[in-house]
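In the working numbering, the protein residues as written are 1148 to 1394.
The beta-carbon is built from N, C-alpha and C at its ideal position, and this holds for glycine as well.
Each remark here refers to the structure printed beneath this line.
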């Protein structure tokens, strides 16, 4: 029973090994065909290299590239192209600025091959990567400083617009309040006129339209004249009678 169990374990281990890709759990080593004595910025170099599994057997991988990381953190990637025999690749390398870089070769599913550090000589008329970083930092700072007045101007314009809007709102509120007061005054005037109309005494009836009342003054005048005429007549008659009697 024990031997049977060990046999099953051995078979399972064998199947696991067969099912696992050849690259899994392995390692590889990259070797360059040759390297220049020095690298100068601004120049392109064609580097050939071979990837060997376990450092012995050349092997093709899905993807490989040379990666260079500058002190500033800038990363340069140079893809490798299969050329020649199995496991042989060629990559065109170009460093835009001088300085110190750390570089490595990716090896598909294998762990990357660390190549340590490399110094790039700055060509005449070019700068080092540190200088480029410093220039970029200075340029960014200058741009930020330049943007500050613009930001201040924008903020001032926004503040002026807000103040203008507040003044306009106040004026509109004052106009509405004045209109409301005017409306109240008109309503009060209308109410007063209506109340005065209700409380005002009724006009006296027009007497000129009554004929009797119009004739009364004339009748009175006529009666007075008649009375005076009779009185005069009586006085004359009395005088005549006295005169006759004396004669």
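Query: Residue 1377 (DSSP reduced to helix, strand or coil); Result: helix
Query: Counted within 10 angstroms of its Cβ, other Cβ atoms place residue 1231 as buried (16 or more) or exposed; Result: exposed
Query: Any 3 or more C-beta pairs closer than 8 angstroms across the segment 1182-1195 and the segment 1233-1247; Result: yes
Query: Proximity to residue 1267 [Cα-Cα], best of 1258, 1260, 1257 and 1249; Result: 1249
Query: Between the CA atoms of residue 1270 and residue 1255 - distance to the nearest angstrom; Result: 33 angstroms
Query: Inter-residue spacing [alpha-carbon to alpha-carbon] between residue 1234 and residue 1253; Result: 13 angstroms
Query: Secondary structure of residue 1199, DSSP reduced to three states; Result: strand
Query: CA-to-CA distance, residue 1228 to residue 1218, given in whole angstroms; Result: 27 angstroms
Query: Straight-line gap, residue 1379 to residue 1389 (C-alpha atoms, nearest Å); Result: 16 angstroms
Query: Helix, strand or coil at residue 1252 according to DSSP, with G and I counted as helix; Result: strand
Query: 8 angstroms Cβ shell around residue 1147 - same chain, five flanking residues per side excluded; Result: Only positions 1148 to 1394 of the chain appear in this structure, which leaves residue 1147 out of reach.
Query: Nearest residue (CA-CA) to residue 1177, options 1244, 1245, 1263 and 1243; Result: 1263
Query: Per-residue DSSP class, three states only, for residue 1330; Result: helix
Query: Minimum C-alpha distance to residue 1189 - residue among 1202, 1216 and 1244; Result: 1244
Query: Own chain, CB closer than 7 angstroms to residue 1226, minus 5 neighbours either side, in chain order; Result: 1212 and 1238
Query: Length of the line joining the Cα atoms of residue 1223 and residue 1204; Result: 29 angstroms
Query: Span of the beta strand (DSSP E), counted from its first residue to its last, around residue 1242; Result: Segment: none, residue 1242 is in no beta strand (DSSP E) and carries neither H nor E.
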